Amino acid sequence: MSYAYLFKYIIIGDTGVGKSCLLLQFTDKRFQPVHDLTIGVEFGARMITIDGKQIKLQIWDTAGQEAFRSITRSYYRGAAGALLVYDITRRETFNHLTTWLEDARQHSNSNMVIMLIGNKSDLESRREVKKEEGEAFAREHGLVFMETSARTAANVEEAFINTAKEIYEKIQEGVFDINNEANGIKIGQQHSPTNPSLPGSGNQAGSASSGCC
Amino acid sequence: MSIFKARVQEFENTLAKDEIDLKALRQLCSNGVPDVNSLRPLCWKLLLGYLGPKKESWSSTLAKKRSLYRHFIEDLVLPPGLKENGDKDILCDHPLNEGPDSAWNTFFNDNEFLLQIDKDVRRLCPDISFFQQPTEYPCDIVVNSKGERRLHQRVVPSVLKSANVERKGLGVTKINLINKRSEETYKAMDEGQEAHWEVVQRILFLYAKLNPGQGYVQGMNEIVGPIYYVMASDPDPEYREHAEADCFYCFTALMAEIRDFFIKTLDDSEGGIKNMMKRLSEMLKERDLEVYERLKAQELYPQYYSFRWISLILSQEFPLPDVVRIWDSVLADEKRFDFLLYICCAMILIQRDQILQNDFACNVKLLQNYPPLDINIVLTKAASLR
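These protein sequence lines are chains A and B, in that order.
In terms of our numbering, the first sequence is numbered consecutively and its last residue is 213.
In terms of our numbering, the second sequence is numbered consecutively and its last residue is 599.
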């Protein structure tokens, strides 16, 4: 399927916060309570529409454990958006956000849009981190914030789509250099040909093969 | 059937000798170990060097190692606040003591990686129920300790019960207890019992305690899983009873060979994971330039799929019985992980038509979620590449 833009995302955060479950809920609309743990990176893709334009999201889901950090770091480069996830029922996953953020800022391009996500909002009775704390952290560090539940699907669509909207707005404002693929954005063939920044051939957009995604 | 019987006979003949010819055994195992008697668990013990080739040494090795393992449990799997030499220094030590000698300090530090192990063993092979079942041979000092030596008890989240109080009219009060704990299939067992996943948890905990330079890294649970499954399914009850200890040593032996995959600073070293991925990539280039070029043009780098294939010895790519069969060949490989790379290469080559047709996203998905197929096709292909 052809698209106007392709955005690359990365999902980061401590192990067990529900990164893979968020991705699965977004791409497959299902919840898997016992998920294999992620070793290295996993991949998911989905098409969304913003402002009447087809946008393809390519999402890299990373392993949370420290030991894999040197492998996952290389994925920051070339990501236009990041979902930074913590678990509202485990305070320590919230406490580690600063480290994650530093890591992300150091290894990504400076325009990367970061969405802060407090996941497992369905487990209200076990909540350890208040929603206000998440909001305050996001405000302080200039992030977008949202609480989600990969189990009930609450806010999952919104989290991925709002991030895409932010990126899209930044493109419109000319903040992103869309010809530089290191920014995690590619222009597809569906894009209006009047756009002067349309790159030459050579990207994968609209390649003849039909897709599974 | 007679071919099968003949194969079993070959194994039995090889294993009947006073001194096992390891070369001959490797040869046999590389084509798969028949699923009869105690053949597989015994062969794995030999291939991993837990048992030596001299048969007369077996009973003393096993007795020594198993008793040592028992000591590890007694000394390292402790109730809170107890020193590793068994003393309880009540006067000077307390939970807020942060001194390096404080037993409490050790206890809290251990709990950090234990929490990780706990999460991971509870998601071991979720598609089969084996690890959730009780073991026939629970470790007595642990299961009869009123929970004090149960590792997962230490890291269980304690939740205070909360309730909604509703007042309705005069003096009528309704209290709704909120009980929303998610349903756990990897349940803890009652006093006197334990599930297989609890045993695996203890093995990983002890390994991390005894190898502090490495500790616990996610994925080790996937490595210990198949070994434990093979040992704990041994038809011989005497072996089955000691599955935990035997598995611990076999796992330790295997980790000694693949530890470089699990140490971040060694990622770039010769035995490190990056070099292994590079070798796979070069192998593919040599065998099928077209596929290699296609993946390269799509910027589909080997680390997108082969990182997990190699570091976990394919344990997450196939169902457990297939994994066990693959490991027969991998463990039988004298240059241990060369054959693993041939298998990985075969997996790519088998999908060549798909790969040449698919776009980037479909190819990543194809390689990250390898489609189910007869494992013998993969292994035959791999053998033909050698």
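Note that the Cβ used here is the ideal one computed from N, Cα and C, for glycine as well.
On a predicted model such as this, the values are computed, not experimentally measured, just so you know.
With a threshold of 8 Å between beta carbons, residue 333 of chain B makes contact with chain A. The alpha carbon of residue 356 of chain B has as its nearest neighbour, out of B/595, B/410, B/434 and B/406, the alpha carbon of B/406. The beta carbon of residue 37 of chain A sits closer than 8 Å to some beta carbon of chain B.
Taken atom to atom, the span from the alpha-carbon of residue 599 of chain B to that of residue 552 of chain B is near 8 Å.
For a cut-off of 8 Å, the C-beta gap from residue 171 of chain A to residue 120 of chain A is around 32 Å, too long to register as a contact. According to the DSSP assignment, residue 241 of chain B belongs to the alpha helix (DSSP H) that extends over 235-242. Listed in chain order, the positions of the region 566-593 of chain B with a beta carbon within less than 7 Å of a beta carbon of chain A are 570, 571, 572, 573, 574, 575, 577, 578 and 581. Between residue 432 of chain B and chain A, the shortest Cβ-Cβ separation is below 8 Å. For residue 524 of chain B, the chain A residues whose C-beta falls within less than 9 Å of its own C-beta are 39 and 40, listed in chain order. Spanning the alpha carbons of residue 337 of chain B and residue 291 of chain B requires a straight line of approximately 25 Å. Straight-line measurement puts the Cα of residue 154 of chain A at about 36 Å from the Cα of residue 437 of chain B. In the DSSP assignment, residue 42 of chain A falls within the beta strand (DSSP E) that extends over 41-50.
Residue 136 of chain A and residue 82 of chain A have their alpha carbons spaced roughly 19 Å apart.
The region 229-248 of chain B and the region 260-276 of chain B touch, with no fewer than 3 CB-CB distances between them shorter than 8 Å. Interface with chain A (8 Å Cβ-Cβ cutoff): residue 339 of chain B is included. In the DSSP annotation of this structure, residue 37 of chain A is not part of any beta strand (DSSP E), being labelled neither H nor E. In this structure, the CA atom of residue 58 of chain A is about 11 Å from the CA atom of residue 23 of chain A. In this structure, residue 413 of chain B lies near residue 434 of chain B, with their beta-carbon atoms less than 8 Å apart. The C-alpha of residue 69 of chain A lies about 17 Å from the C-alpha of residue 18 of chain A. About 3 Å separates the CB atoms of residue 15 of chain A and residue 64 of chain A; that is less than 8 Å, so the two are in contact.
The DSSP assignment places 131-141 and 156-172 as complete runs of the alpha helix (DSSP H) inside the region 112-194 of chain A, in order along the chain (cut-off: 4 residues). Beyond the five residues adjoining it in sequence on each side, residue 463 of chain B comes within less than 8 Å, by CB distance, of 257, 258, 261, 263, 440 and 444 in the same chain, given in chain order. Boundaries of the alpha helix (DSSP H) harbouring residue 441 of chain B: 433-445, taken from the DSSP string.
Rounded to whole angstroms, residue 559 of chain B and residue 35 of chain A show a C-alpha spacing of 27 Å.
When rounded, the separation of the alpha-carbon atoms in residue 40 of chain A and residue 250 of chain B is 38 Å. Near chain B, meaning a CB-to-CB distance below 9 Å, the residues of the region 10-23 of chain A are 15 and 16. With contact defined as three or more Cβ pairs closer than 8 Å, the region 538-552 of chain B and the region 235-242 of chain B are in contact. Per the C-alpha coordinates, the member of B/536, B/408 and B/569 positioned closest to residue 245 of chain B is B/536. Here DSSP, grouped into helix, strand and coil, assigns residue 10 of chain A to strand. Here residue 85 of chain A is bridged, per DSSP, to A/117.
Minimum Cα-Cα distance from residue 454 of chain B among the listed residues B/349, B/399, B/523 and B/400 corresponds to B/349.
Contact annotation for residue 336 of chain B against chain A: 34, 35, 36 and 37 [CB-CB distance below 7 Å, chain order].
Nearest in C-alpha terms to residue 458 of chain B, of all of B/329, B/419 and B/575, is B/419. Annotated three-state conformation of residue 56 of chain A is strand, per DSSP.
Taking C-beta atoms as the reference points, residue 347 of chain B and residue 408 of chain B count as a pair closer than 8 Å.
Under the three-state reduction of DSSP, residue 93 of chain A is assigned to helix.
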